[in-house]
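Chemist: To start, I am sharing the structure in question, which I have written as structure tokens.
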Amino acid sequence: RKEVEQDPGPFNVPEGATVAFNCTYSNSASQSFFWYRQDCRKEPKLLMSVYSSGNEDGRFTAQLNRASQYISLLIRDSKLSDSATYLCVVEAGTYKYIFGTGTRLKVLA
Amino acid sequence: NAGVTQTPKFRVLKTGQSMTLLCAQDMNHEYMYWYRQDPGMGLRLIHYSVGEGTTAKGEVPDGYNVSRLKKQNFLLGLESAAPSQTSVYFCATVHPTGEGETQYFGPGTRLLVL
């Protein structure tokens with residue numbers, strides 16, 4: 001089993017749709033979790049950290065399920081500008097991180 | 110502030126040639142990382158540094174060396190390039206206090222080894 005697994009997609013959704021991505025991780029001792037966004041041929045940028053209680057930032061909601069060892073990202077009211085690859089990142093030791101392979105999202109007009 | 114910069118942006122090497130990639134940051138961050146990103150593989154950690162004068166191996170260190178002589182610079186060296194090292198290389202920094210654990214990435218270096 002890979003340490004961090006994501007569905008590579010692509011997820012093709014119309015503007016205004018709600019889309020959800022899941023990411024599973026294998027190390028039950030991991031304490032920190034993140035979603036990064038990466039545009040084509042650009043560097044990754046932090047979208048949001050994922051807290052135990054779940055957190056929301058505008059149209060984006062992140063959840064953590066420790067029992068099942070997965071994190072999720074929900075995007076509501078999708079915009080064309082949300083088209084990107086979303087990377088799941090899991091802490092693998094003190095300030096060391098494991099990246100998922102990413103999930104591609106295409107929002108269609 | 111420039112944040113994290115990488116030099117060069119793009120390079121073509123022949124098998125067996127050597128080169129050094131430079132990562133520079135002006136954020137005074139302690140931790141610095143070198144990753145490589147290949148299609149379908151995600152970002153993989155090559156080497157990292159927890160402070161000036163320190164380096165440690167990551168997941169895929171073979172064929173690479175690093176140095177952190179100054180806090181603001183982290184160098185990645187390829188002594189004898191191989192086609193398998195064709196990749197996009199990203200440098201990143203983390204400051205472990207005050208800013209959470211946000212990783213700040215440089216724009217990347219695209220390396221093609223023929």
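Protein chains in written order, with our numbering: chain B, 1 to 109; chain C, 110 to 223. Even glycine gets a Cβ: it sits at the ideal position worked out from N, Cα and C. Note that the structure is predicted; figures quoted are calculated from it, not measured.
Can you check which of these residues, B:ALA67, B:LYS79, B:SER68, is closest to B:PHE60 by C-alpha distance?
Modeler: Minimum Cα distance to B:PHE60 is reached at B:LYS79.
Chemist: Examine chain B for any beta-carbon lying closer than 8 Å to the beta-carbon of C:VAL175, and answer yes or no.
Modeler: Output row for C:VAL175: interface = no.
Chemist: DSSP three-state label for B:ASP57, please.
Modeler: If DSSP states are grouped into helix, strand and coil, B:ASP57 belongs with the strands.
Chemist: Of the choices C:TYR140, C:GLY172, C:SER127, C:LEU154, whose alpha-carbon is the least far from that of C:VAL113?
Modeler: Checked all of C:TYR140, C:GLY172, C:SER127, C:LEU154; the closest Cα to C:VAL113 is C:TYR140.
Chemist: Among C:GLN212, C:HIS204, C:PRO216, C:PHE183, whose alpha-carbon lies nearest the alpha-carbon of C:THR129?
Modeler: Per the Cα distances, C:PHE183.
Chemist: Name the DSSP bridge partner or partners of C:ARG115?
Modeler: Arg is not the amino acid found at residue 115 of chain C; the sequence shown has Gln there. In the DSSP output, where bridge partners are listed per residue, C:GLN115 has C:CYS132.
Chemist: Cutting at 8 Å between CB atoms, please list the residues of its own chain near C:ASP135, excluding the five before and the five after it.
Modeler: Only ASN110, ALA111, GLY112, GLN181 meet the Cβ criterion.
Chemist: Give a yes or no on whether the minimum CB-CB distance between B:PRO44 and chain C is below 8 Å.
Modeler: It does; some Cβ of chain C falls within 8 Å.
Chemist: In three-state DSSP terms, what is C:GLN194?
Modeler: DSSP places C:GLN194 in helix when its eight states are reduced to three.
Chemist: Within 10 Å of its beta-carbon, does B:PHE21 have 16 or more other beta-carbons around it, so buried, or fewer, so exposed?
Modeler: The residue is buried, with at least 16 neighbouring Cβ atoms inside 10 Å.
Chemist: Just to confirm my understanding: we take B:ALA92, look at its own chain, exclude 5 residues before and 5 after, and list those with CB closer than 6 Å. What are they?
Modeler: Closer than 6 Å at the Cβ level, and outside the excluded window around B:ALA92, lie ILE98.
Chemist: Name the DSSP bridge partner or partners of C:HIS156?
Modeler: C:HIS156 is bridged to C:TRP143, C:LYS166.
Chemist: Between C:LYS118 and B:ALA67, what straight-line distance do the alpha-carbon atoms span, to the nearest angstrom?
Modeler: In a straight line, the C-alpha of C:LYS118 is about 43 Å away from that of B:ALA67.
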